[in-house]
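Chemist: Please see the structure below; I have some questions.
In full-length UniProt numbering, the protein residues as written are 1 to 170.
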């Protein structure tokens, strides 16, 4: 994939992205708030990067002027049944030192345009941890509507993991 915006490019993962990728997976807050894998082990992080390179639907958010990785954006299938084929779910995480600069918003805008215009999607979904207000505000600013909340805690985990789901229709 290669989507070009005003400040960013959405592109496939490359080996050169490792330093920035490692910063993202090393930051436990990204795991807690966005579900990104967490590790402090550099070798395991290399394996994770290789997994992301093979993964359909996962892309780098890079600065347009330098091609430096600033985050990850995903557009994943929601299932294979007929009623889900024309839907996707987007997700994103931006390195804390690049937040509040519009990179996440522009990346989601590019995926919305790509999804509705090129893939002919009818719906784009997104989710956010209940207590993570920043992505919820971003989604609402792009026209996503809050639909429901679900507890995604593992059975017998003795904790709650409330996630809010948002929907944008064509």
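We treat Cβ as the ideally placed atom computed from N, Cα and C, and that holds for glycine.
Just so we're clear, the structure is a prediction, and the values are computed from it rather than from any experiment.
1) So the alpha helix (DSSP H) residue 29 belongs to, where does it begin and stop?
2) CB-CB under 6 Å to residue 86, same chain, minus the five flanking residues each way: which ones, in chain order?
3) Closest by CA to residue 79, which one among 134, 100, 126, 89?
4) Please list the terminal residues of the continuous beta strand (DSSP E) segment that includes residue 129.
5) Could you have a look at residue 1 and say whether DSSP puts it in helix, strand or coil?
6) In the structure shown, what three-state DSSP assignment does residue 144 receive?
7) Going along the chain, which residues of its own chain have a beta-carbon closer than 7 Å to the beta-carbon of residue 62, five neighbours each way excluded?
8) Have a look at residue 43 and residue 25 and give me their C-alpha separation to the nearest angstrom.
9) Take residue 84 and list the residues in its own chain whose beta-carbon comes closer than 8 Å to its own, dropping the five residues that flank it on each side.
10) Could you tell me whether the Cβ atoms of residue 114 and residue 144 are closer together than 8 Å?
11) Here's the rule I'm using: 16 or more other beta-carbon atoms within 10 Å means buried, otherwise exposed. How should residue 17 be labelled?
Modeler: With the structure as the only source:
1) Stepping through the chain shown from its first residue, residue 29 is reached at position 29. Note, residue 29: alpha helix (DSSP H), 28-34.
2) Locating residue 86 in the chain shown gives position 86, counting from the first residue. Once the five neighbours on either side are set aside, the close Cβ partners of residue 86 are 121, 122.
3) Taking the chain shown and counting its residues from 1, the one referred to as residue 79 is at position 79. Out of 134, 100, 126, 89, 89 has the C-alpha closest to the C-alpha of residue 79.
4) Taking the chain shown and counting its residues from 1, one reaches residue 129 at position 129. Where residue 129 is concerned, the enclosing beta strand (DSSP E) stretches over 123-129.
5) By one-based count along the chain shown, residue 1 stands at place 1. Note: residue 1 maps to coil in three-state DSSP.
6) In the chain shown, the residue the question calls residue 144 occupies position 144. Looking at residue 144 - three-state DSSP - the assignment turns out to be coil, as it is neither helix nor strand.
7) Locating residue 62 in the chain shown gives position 62, counting from the first residue. Once the five neighbours on either side are set aside, the close Cβ partners of residue 62 are 8, 9, 11, 68, 69, 70.
8) Indexing the chain shown from 1 puts residue 43 at position 43. Indexing the chain shown from 1 puts residue 25 at position 25. Roughly 12 Å between the two C-alpha positions.
9) Here residue 84 refers to the residue found at position 84 of the chain shown. Correct list, in chain order: 77, 78.
10) As a first step, residue 114 is located in the chain shown; it is residue number 114 there, counting from the start. As a first step, residue 144 is located in the chain shown; it is residue number 144 there, counting from the start. It is not a contact, given that the beta carbons lie outside the stated cut-off.
11) Residue 17 sits at position 17 when you count from the first residue of the chain shown. Result: buried.
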